[in-house]
Amino acid sequence: MQAGSVRGEKLVEAWNRSDATYIIDQLSDDIILEARFPKMPVLAEKLQLTGKKKFALGLKIYPRDFPPFNIVSATEDPHTICLVLEDSDKDLLAITIELNDDGRFARIISYRSGKPKRKSR
2 MQAGSVRGEK LVEAWNRSDA TYIIDQLSDD IILEARFPKM PVLAEKLQLT
52 GKKKFALGLK IYPRDFPPFN IVSATEDPHT ICLVLEDSDK DLLAITIELN
102 DDGRFARIIS YRSGKPKRKS R
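This is the structure:
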């Protein structure tokens, strides 16, 4: 692993400007997303999505701009991107992104410590 992650930084920049097109372009068709304690309009302890179409639909129906993140830590190697992010509530989020042989995001695993929180509207 190397310190820093150009792809991770580009991903967070795209997220912060709510650029769903860029984000979706990074995904493999069979992407798996697993999120523990996500901040969502609906209270959930765990979210799991499988497939690029479901992921894209989830981004499309998000009720507002995506919540912004600051990068606390970023590392990568040819098959993995690891990010620690801080949201506007100062909560930390750990994300591991596994890349397939084509360099697309094959699996995203995110973990937010604590209890599930409903994001205020």
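Here the numbering used here runs 1 ahead of the position in the sequence shown, where the first position is 1. Here a beta-carbon is modelled for each residue, glycine too, at the ideal position from N, C-alpha and C. Remember, predicted model here, so these are calculated numbers, not experimental data.
If you drop the 5 nearest sequence neighbours on each side, which residues of the same chain put their C-beta closer than 7 Å to that of T97?
For T97, same chain residues with a beta-carbon under 7 Å away, outside a window of 5 residues either side, are T81, C83 and I110 in chain order.
Using a Cβ-Cβ cutoff of less than 7 Å, which residues in the same chain neighbour R105 once the five nearest sequence positions on both sides are dropped?
Around R105: Q27, L28 and S29.
Rounded to a whole number of angstroms, what is the C-alpha to C-alpha distance between R122 and P68?
A caution first: R122 carries a pLDDT of 49, below 50, which makes its placement in the model unreliable, though a value can still be read off. About 11 Å.
Whose C-beta lies closer than 7 Å to the C-beta of Y23 among residues of the same chain, with five residues either side of it excluded?
Here the set comprises A15.
Would you tell me roughly how many angstroms separate the C-alpha atoms of D31 and A4, rounded to the nearest one?
Spanning the two alpha carbons is a distance of roughly 28 Å.
CA-to-CA distance, L12 to D92, given in whole angstroms
Answer to the nearest angstrom: the Cα atoms are 19 Å apart.
Check the DSSP bridge columns for Y112 and list the partner residues they point to.
Answer is R37 and A95, bridged to Y112.
Just to confirm my understanding: we take A21, look at its own chain, exclude 5 residues before and 5 after, and list those with CB closer than 6 Å. What are they?
Only residues of its own chain outside the window of five on either side were considered, and among them L60 have a CB closer than 6 Å to the CB of A21, listed in chain order.
Quick one: using the 10 Å Cβ neighbour count with 16 as the cut-off for buried, is E77 buried or exposed?
Burial is judged here by how many other beta carbons sit within 10 angstroms of a residue's own beta carbon; E77 has at least 16 and is buried.
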